[in-house]
Amino acid sequence: MALIKCPECGRENVSDSAEACPGCGYGVKAHFERIRQEEEEKRKEEEKEKKKKADAELANKLSSLARKPKLYSHED
Ligand SMILES: [Zn+2]
Numbered sequence: 026m027a028l029i030k031c032p033e034c035g036r037e038n039v040s041d042s043a044e045a046c047p048g049c050g051y052g053v054k055a056h057f058e059r060i061r062q063e064e065e066e067k068r069k070e071e072e073k074e075k076k077k078k079a080d081a082e083l084a085n086k087l088s089s090l091a092r093k094p095k096l097y098s099h100e101d
């Protein structure tokens, strides 16, 4: 819980867990819950992207490793 500035009317010292801003009645709690949810989803999305990237890099590494023995082969 923290004191914030109302995103709607700019009133200060509004609790971010207040159902409604005492100044304008804006749904402060719902507003911040939505932001938290969006951030949570963004973080999950970013983690998914990071994992996808890491998987792609790993696949690249593996395929270049798989090609190397031929590059350095002086057998024939
Ligand atoms: Zn307000």
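So the mapping is simple: the numbering used here equals the position in the sequence shown, first residue as 1, plus 25.
Note that the Cβ used here is the ideal one computed from N, Cα and C, for glycine as well.
Opposing strand residues paired with residue i [DSSP bridges]
i	result
S40	L28
Exposed unless 16 or more other CB atoms sit within 10 angstroms - verdict on residue i
i	result
C34	exposed
C49	exposed
Residues passing the C-beta test against ligand 1 heavy atoms, cut-off 6 Å: Those residues, listed in chain order, are C31, E33, C34, R36, C46, G48, C49, Y51.
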